[in-house]
Amino acid sequence: MRARHFLVLSLSFVFIQALSPALKADEIKWQTDLKQAALQARAQEKSMLIQIGASWCGFCHKMDKETFQDQKVIHHINSCFIPIRVDADQSPEFVEAIGVAGLPTTVIITPELKIVKKLSGYVAAREMQGHLKKICLVNHEQAAPAATRTAAIKKMSQKEVEPVFAFKNVCLVSMLDDQELVEGNPKYISEFKGRKLCFASREHKQKFDANPMHYWPAFDGQCRVSQLERNQTVEGDPYAGGVYRERLVFFTSEAERERFSSNPSYYLAQ
């Protein structure tokens, strides 16, 4: 979904905002009772998909409005998982036990209470589709009879595995040139610095291929604030990113972006 506007934070720093999808799909059948959901997961032999968030979490609301309104995401979740919402402020012991480092966090747990996937931060619809599709296929294979498993594996081998692209599938050219957050199309792929990227159109891909460093994010996409203040090498999130002096800059959260925009020369001079 394309963003139609952007917000100027300073004379040289632009924060790119995405709009929510206009179409409403079927709703995810969220539950809130962990114990009841665990019993249901065991009875139905389904994994639990637990979305941990909070009322004050901006990216939690963003996932609700975008990722969890996507038709394919809704279908995968309702058909393959027991979906559960957990409020981090109301369930601190659970949050600590899971090892939540930030919000939102998406956790997939088997009926035997084994964590098989933990996704920290905002996850766009296309990326979420890739994660859910793989787990749904595994669950289906485990539940199917031997003959069905063999046939399904043969069928899968004839298909191209859907890749997960760098920077949460966001088109870097759209972000810099159009000041829009747009998910790339897997039909238009390039590779740079060992990472696969996808673009919104053939024209966007051609622009990148002609001058890749112009579109490549500063610090290779790492969050500069995390590097300097916490000595951590963490990839930034394009949804918490922006443009500074005609360069893309990504951060792990809105708070890091605000710290950078308040004194960019400090973070660039180090």
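Going by mature numbering (1 follows the signal peptide of the UniProt record, and there is no 0), the letters in the sequence shown line up with residues -24 to -1, 1 to 246, in that order.
No residue lacks a Cβ here, since even glycine has one placed at the ideal position from N, Cα and C.
Here the structure is a predicted model, which means the values were calculated and not measured.
Your pair PRO87 and SER23 checks out as a contact, with CB atoms roughly 7 Å apart and the cut at 8 Å.
Contact check for GLY197 and PHE236: beta-carbon distance about 14 Å, past the 8 Å limit, so the pair fails to qualify. In this chain, the alpha helix (DSSP H) harbouring ASP40 covers 34 to 41. At a Cβ-Cβ threshold of 9 Å, VAL146 and GLU159 count as neighbours. Assignment of VAL76 by DSSP, reduced to helix, strand and coil, places it in the coil class. GLY97 is a Cβ neighbour of GLY78, given a cutoff of 9 Å. In terms of CA proximity to CYS33, ASP65 leads the group LYS48, GLU3, ASP65. In this chain, the beta strand (DSSP E) harbouring ASN161 covers 161 to 168. Only residues of its own chain outside the window of five on either side were considered, and among them LEU148, PHE168, LYS169, LEU224 have a CB closer than 8 Å to the CB of TRP192, listed in chain order.
Membership of LEU244 in the alpha helix (DSSP H) is indicated by the continuous run 240 to 245. When C-beta atoms of the stretch 47 to 56 are compared with those of the stretch 91 to 109, three or more pairs fall below 8 Å, so the two segments count as touching. With 16 or more neighbouring CB atoms inside 10 Å of its own CB, ALA17 falls in the buried class. Classified as exposed, ARG221 has fewer than 16 neighbouring CB atoms from the shown chains inside 10 Å of its CB. With respect to the C-alpha of ILE4, the residue from PRO162, ILE53, PHE175 having the closest C-alpha is ILE53.
Taking GLU234 as reference, the option from LEU113, CYS199, VAL83 with the minimal CA-CA separation is CYS199.
Going by DSSP, SER202 is part of the alpha helix (DSSP H) stretching over 200 to 206. The C-alpha of SER241 is placed about 48 Å away from the C-alpha of LEU113.
Shown here, ILE111 sits in a helix according to DSSP, grouped into three states.
With a cutoff of 9 Å on beta-carbon distance, ILE84 and ALA13 are scored as not near each other. In the DSSP assignment, VAL83 falls within the unbroken beta strand (DSSP E) covering 81 to 85. Residues SER23, ILE84, ILE85, THR86, ILE111 of the same chain have their beta carbon placed closer than 8 Å to that of VAL92, with the five preceding and five following residues left out of the count. Approximately 6 Å separates the beta-carbon atoms of VAL99 and THR43; this is inside 8 Å, confirming the contact.
TYR243 and ASP40 have their C-alpha atoms roughly 33 Å apart.
Residue state for GLN12 is assigned as helix, using DSSP reduced to three classes. Of all alpha-carbon atoms in HIS190, VAL71, ARG206, the one lying nearest the alpha-carbon of ILE28 is that of VAL71.
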